[in-house]
Amino acid sequence: HSHHLQKTERMRVISDLAASIAHEIRNPLQVTRGFLQLLLRRADDDTKGHYTMAISELDRASVIISDFLTFARPEQDSVAPMDVKQELCNIETIMGPMVMLHGGTLRVQASDRLLMLGNVSKFKQAIINMIKNSIESFQEQGNIEVHAYAEGAEIVIRIADNGLGMDAEQIAKLGEPYFSTKTKGTGLGLMVTFRIIEVMKGTLEFRSEKGKGTEAIVRFPLIRLD
Ligand code: ADP
Ligand code: MG
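In case it helps, the UniProt record's numbering puts the sequence shown at residues 404 to 629.
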């Protein structure tokens, strides 16, 4: 038993460390990218390709960090009662511009008084990873609908898109580290999302149809005030 505790504590230290390192690494990556872009402008045809490659590899490093740890902050590791509607509305504000940029729409509809025990930063990371996947699945006119409501003792959050969809084989692999069907995917987004939801005592389930769209269904225990 004590061995188990030690291991959990060690994992905590490692993940706190990883989160702060990821945060610190962003700035030098951005600075380096800026200088490479300057060099690219002055490069001759022989070396242009090398700079372009270096920039795209830096961008790949940024995507890995953001799939993994965008909102992770060591000091915010604690859980507290949080309002799902409020957080989903924040997410709508954060993600709205990215959805628009991809020519789609994002609509959030949430009931009042959906209180749960959770960590706001991690919650955001989990939901945003799924919304990013929906955006990346857009075919023509992409629509994302997020619905949140109470059902018995649970909060249900549904994230539905009309994108590419998945077959049964793909659905079975969701959450596996490095499973990605994208040329620039990390295959880490849903692994992190599943883990975050599990830690907050929730569940995540996917329904999808190839060519039609995908729905992610998240459930968390509801805190009842009455
Ligand atoms: P990545 O986005 O880097 O590929 P993820 O873990 O976020 O990694 O997702 C893994 C895979 O699951 C994606 O590559 C894609 O094939 C599939 N997927 C996840 N969400 C959706 C979605 N909303 N629509 C279609 N496919 C999806
Ligand atoms: Mg992803």
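Built from N, CA and C at the ideal position, the CB exists for glycine as well. As the structure is a computational prediction, the values presented were derived from the model and not from experiment.
Self-check item: Minimum length 4: unbroken alpha helix (DSSP H) runs contained in the region 547–591
Solution: Complete alpha helix (DSSP H) runs here, min 4: 571–576.
Quiz item: If you draw a straight line from the alpha carbon of residue 575 to that of residue 582, how long is it in whole angstroms?
Solution: The residue given as residue 575 occupies position 172 in the sequence shown. The residue given as residue 582 occupies position 179 in the sequence shown. Taking the CA atoms as reference points, residue 575 sits about 11 Å from residue 582.
Quiz prompt | Extent of the continuous beta strand (DSSP E) run through residue 541 | solution = Translated into the one-based positions of the sequence shown, residue 541 becomes position 138. DSSP places residue 541 outside any beta strand (DSSP E), giving it a letter other than H or E.
Quiz prompt | Integer Cβ distance of residue 457 from residue 439, believed to fall under 8 Å | solution = Taking the first residue of the sequence shown as position 1, residue 457 is located at position 54. Taking the first residue of the sequence shown as position 1, residue 439 is located at position 36. Indeed they touch by this definition, with Cβ atoms about 5 Å apart.
Quiz item: Where does residue 627 sit, in a helix, a strand or coil, going by DSSP?
Solution: Here residue 627 refers to the residue found at position 224 when the sequence shown is read from its first residue. For residue 627, the three-state secondary structure derived from DSSP is coil.
Quiz item: Any idea what DSSP makes of residue 521, helix, strand or coil?
Solution: Mapped onto the sequence shown, residue 521 falls at position 118. Three-state DSSP puts residue 521 in a strand.
Quiz item: How close, in whole Å, do the beta carbons of residue 605 and residue 594 come, if the pair is a contact with beta carbons under 8 Å?
Solution: Counting from one through the sequence shown, the residue named residue 605 turns up at place 202. Counting from one through the sequence shown, the residue named residue 594 turns up at place 191. Contact flag wrong, Cβ pair sits at about 15 Å.
Practice problem: Taking 5 Å as the limit, tell me which residues put their C-beta closer than that to any heavy atom of ligand 2, in chain order. | Solution: Cβ atoms closer than 5 Å to ligand 2 belong to 536, 592.
Quiz item: Near residue 521, which residues of its chain fall below 6 Å by C-beta distance, leaving aside the five closest residues on each side in sequence?
Solution: Taking the sequence shown and counting its residues from 1, the one referred to as residue 521 is at position 118. Around residue 521: 482, 485, 603.
Quiz item: With contact counted as at least three CB pairs below 8 Å, one residue from each stretch, are the region 427–445 and the region 458–466 in contact?
Solution: Because the criterion of three Cβ pairs below 8 Å is met, the region 427–445 and the region 458–466 touch.
Quiz item: Going by DSSP, what residues sit across from residue 421 in a beta bridge?
Solution: As a working note, residue 421 is residue 18 in the sequence shown. Looking at the DSSP assignment, residue 421 forms no beta bridge with any residue, so it has no partner.
Self-check item: residue 429 (DSSP reduced to helix, strand or coil)
Solution: Working through the sequence shown from its first residue, we reach residue 429 at position 26. In the structure shown, residue 429 adopts helical secondary structure according to DSSP, grouped into three states.
Exercise. For residue 481, name the three-state secondary structure that DSSP assigns.
Key: Position 78 of the sequence shown holds residue 481. Residue state for residue 481 is assigned as coil, using DSSP reduced to three classes.
Quiz item: Is the CB-CB distance between residue 590 and residue 546 below 8 Å?
Solution: Counted from its first residue, the sequence shown places residue 590 at position 187. Counted from its first residue, the sequence shown places residue 546 at position 143. No.
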